[in-house]
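For what it's worth, numbering that gives the first Met the number 0 labels the leading residue of the sequence shown as 0, then goes sequentially.
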Amino acid sequence: MPFDIRAIEWVDNAVTLLDQSRLPLAEVNLRVTTVAQMIDAINRLAVRGAPSLGVVGAYGVVIALDEAARENWSPSRLNQELDALRDARPTAVNLAWGVNQVRELIPQGREAALALAQKIALEDFNSGAAMGNNGADWLIAKLGDKKFNLLTHCNTGSLATTGTGTALGVIKELHSRGNVNEVFVDETRPLLQGSRLTAWELGKCQIPYRIQPDGAAAMAILGGKVDAALIGADRIAKNGDSTNKIGSLGVALACHIAGIPFLVVAPESTVDRSMADGSGTHIEIRADREITHIGDLQVAPDGARTFNPAFDVTPAKFVSVVVTELQTYDIAGGKSL
Ligand code: MRU
């Protein structure tokens with residue numbers, strides 16, 4: 000890959016984050032040394048994407064241990080802070096997973112906790128290349144070795160992971176093999192992860208793209224402009240029901256009707272085998288202001304009520320495959336995870 004994006008790094012006992020709320024207009028780093036700063040960064044999507052949330056959850060435990068030592072926190076205060084970090088966003092399984100894994104090591108001391116957080120970050124980095132290969136192999140085997148027009152939703156690349164990405168990692172791998180004609184990027188209302196982040200990342204990687212409003216996705220798919228759609232996930236239940244950014248369900252329905260592949264690409268850490276299906280998934284509902292305003296500009300009447308779920312659940316019957324770093328699960332063929 001010609002361009003190397005590092006959205007999360009552990010530097011000098013702090014987490015350095017590329018502030019995604021400022022992209023693409025400004026490339027600004029944040030230095031996070033407290034739990035409150037980390038929760039704020041998570042809530043306002045300065046750091047976002049399920050695998051990234053797992054990594055900052057893991058590092059966040061080390062930040063909490065350092066803060067506890069500096070500020071003389073009681074054990075119960077430390078526990079409260081770790082609970083708040085774990086619950087900062089509810090839908091992506093990775094955040095609680097990252098916090099819980101490192102939290103279990105606290106009795107072994109700060110260095111053991113840091114070593115595990117760094118291992119989680121490294122494993123996430125390595126899983127990107129494996130997902131990229133698995134997804135690219137599957138799509139070429141399915142559709143033939145040709146140039147594809149692909150559709151993606153939200154951002155699933157190096158900004159959402161510590162490596163090349165999940166769905167966007169597959170797209171980058173296909174591009175490196177000469178198999179990408181163009182990527183249709185859903186803008187991904189309301190916070191525009193597609194037009195702000197995915198377009199920025201594809202541009203840096205010199206992959207041809209065009210941005211479309213989310214409402215154009217069904218027309219592009221049913222109009223034959225797209226060969227396959229690839230998305231990431233925040234939580235995948237055992238039966239393959241896949242939770243991802245709001246709007247993913249509409250893309251899946253259109254792909255189902257058009258008869259084209261709909262791939263969900265995610266690391267094994269996003270698979271929640273404690274859930275038989277996606278019906279119990281906690282969907283984050285976000286602020287009215289994300290809908291009633293664009294930046295500081297009000298675009299809806301005073302007092303307008305909103306429905307602003309951050310995610311939707313695509314039933315397994317509309318998913319072709321789930322691609323992880325370990326294998327490609329044939330969900331349409333009746334396999335579970
Ligand atoms: O609200 P966000 O930007 O955190 O939502 C992110 C997504 O829905 C991603 O598609 C998902 O986390 C997979 S990231 C590899």
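Each residue gets a CB set at the ideal place from its N, CA and C atoms; glycine is no exception. Fair warning: this is a prediction, and the values are worked out from it, not measured in the lab.
{"Item": "What are the start and end residues of the beta strand (DSSP E) that includes Thr161?", "Value": "Neither: Thr161 is in no beta strand (DSSP E) and is coded neither H nor E."}
{"Item": "Say yes only if the C-beta of Phe124 is nearer than 7 Å to one or more non-hydrogen atoms of the ligand MRU, and no if none qualify.", "Value": "no"}
{"Item": "Once you ignore the five residues that flank Leu81 on each side, which residues in its own chain have a CB closer than 7 Å to its CB?", "Value": "Val60, Ala63, Val98, Arg102"}
{"Item": "Do the stretch 113 to 131 and the stretch 303 to 320 make contact, defined as three or more Cβ pairs closer than 8 Å?", "Value": "no"}
{"Item": "Using three-state DSSP, classify His292 as helix, strand or coil.", "Value": "strand"}
{"Item": "Inspect the beta-carbon positions of Ala112 and Ala49 and report whether they are closer than 8 Å.", "Value": "no"}
{"Item": "Consider the C-beta atom of Leu44 and the heavy atoms of the ligand MRU; say whether any pair is separated by less than 7 Å.", "Value": "yes"}
{"Item": "Could you spell out where the alpha helix (DSSP H) holding Asn132 opens and where it closes?", "Value": "109 to 142"}
{"Item": "Please tell me whether Glu324 and Ala129 are closer than 8 Å, where the distance is taken between their beta carbons.", "Value": "yes"}
{"Item": "In terms of residue numbering, what span does the beta strand (DSSP E) encompassing Arg209 cover?", "Value": "208 to 211"}
{"Item": "Starting from the N-terminal side, write out each stretch of the beta strand (DSSP E) that is 3 residues or longer and does not extend beyond the stretch 182 to 228.", "Value": "208 to 211"}
{"Item": "Specify whether the stretch 152 to 161 and the stretch 196 to 208 touch according to this definition: at least 3 beta carbon pairs, one from each stretch, less than 8 Å apart.", "Value": "yes"}
{"Item": "Please report the residue range of the alpha helix (DSSP H) in which Leu377 lies.", "Value": "This structure cannot settle anything about residue 377, because the visible part of the chain is limited to 0 through 336."}
{"Item": "Report the partner residues of Glu80 according to the DSSP bridge assignment.", "Value": "Beta-bridge pairing links Glu80 to no other residue."}
{"Item": "Using only alpha-carbon positions, find the residue among Ala303, Gly277, Pro74, Leu191 that is nearest to Gly294.", "Value": "Leu191"}
{"Item": "State the Cα-Cα distance for the pair Gln297 and Lys146, rounded to the nearest angstrom.", "Value": "42 Å"}
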